[in-house]
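**Q** Numbering-wise (the working numbering), the sequence shown opens with residue 119 and increments by one. Heads up, the beta-carbon is just placed ideally off N, CA and C, and yes, glycines get one too. Quantities reported herein were computed from a predicted structural model and do not represent experimental measurements. Can you read through this structure? Questions will come right after.
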Amino acid sequence: MPPLFTWAIEAIDVDEAVDKLREGQSDCIFSFHDEDLLEAPFDHIRLFESQLFPVCASDEHGEALFNLAQPHFPLLNYSRNSYMGRLINRTLTRHSELSFSTFFVSSMSELLKQVALDGCGIAWLPEYAIQQEIRSGKLVVLNRDELVIPIQAYAYRMNTRMNPVAERFWRELRELEIVLS
119 MPPLFTWAIE AIDVDEAVDK LREGQSDCIF SFHDEDLLEA PFDHIRLFES
169 QLFPVCASDE HGEALFNLAQ PHFPLLNYSR NSYMGRLINR TLTRHSELSF
219 STFFVSSMSE LLKQVALDGC GIAWLPEYAI QQEIRSGKLV VLNRDELVIP
269 IQAYAYRMNT RMNPVAERFW RELRELEIVL S
């Protein structure tokens, strides 16, 4: 039996994804919080919340290789126009006491995590991506509550009728949201 529909999953720029949504080339998108997408003509479902923690690799004694108070600490940052990059840059601007030099930039959390694990600097990484490394002591959270950044992920769609399969998928997502609440 042929599949009812074809899944197409792409990592693209949010603006491009929204354009595809508006043009009917996509039934829904999964993205982080976007104030514009929380209003008409869009509908949304909150999928999860997490936090970005400043972390770095540990030395052989389990101590952090870097600290946020040191001058010109090496920063492993997200791309400037990415959701997480904007959040972190806003936080860094509010905390002008932090002295850093950007060492590495990427839009991918997993790549930033690997560079942090290699001992190259401090990165703000999502809690869901670093739980195992924190438990094992490979990464150390640099505890400063005011530097922990909350994040939320959503599914978005146009608030118009979709094809029956997409509507069923959206209903199941909505039911999942209720269960997780």
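Could you give the first and the last residue of the continuous alpha helix (DSSP H) run that contains residue 207?
**A** Mapped onto the sequence shown, residue 207 falls at position 89. It spans 201–212 - the alpha helix (DSSP H) in which residue 207 sits, taken as one unbroken run.
**Q** In terms of residue numbering, what span does the alpha helix (DSSP H) encompassing residue 177 cover?
**A** In the sequence shown, the residue the question calls residue 177 occupies position 59. That residue, residue 177, is in no alpha helix (DSSP H); it is neither H nor E in DSSP.
**Q** Within the continuous alpha helix (DSSP H) that includes residue 262, where are the two ends?
**A** In the sequence shown, residue 262 corresponds to position 144, counting from 1. Boundaries for residue 262: no alpha helix (DSSP H) harbours it, and the DSSP string shows neither H nor E there.
**Q** What separation, rounded to the nearest whole angstrom, lies between the Cα atoms of residue 266 and residue 168?
**A** Sequence index remark: in the sequence shown, residue 266 carries index 148 (1-based). Sequence index remark: in the sequence shown, residue 168 carries index 50 (1-based). Using only the alpha carbons, I get a separation of about 10 Å.
**Q** Mind checking who residue 219 pairs with in its DSSP beta bridge?
**A** Taking the first residue of the sequence shown as position 1, residue 219 is located at position 101. Bridge pairing for residue 219: 192 [DSSP].
**Q** Three-state secondary structure (DSSP) at residue 282?
**A** In the sequence shown, the residue the question calls residue 282 occupies position 164. DSSP places residue 282 in helix when its eight states are reduced to three.
**Q** If you draw a straight line from the C-alpha of residue 214 to the C-alpha of residue 189, how long is it?
**A** Along the sequence shown, one-based indexing puts residue 214 at 96. Along the sequence shown, one-based indexing puts residue 189 at 71. Cα-Cα distance, rounded: 12 Å.
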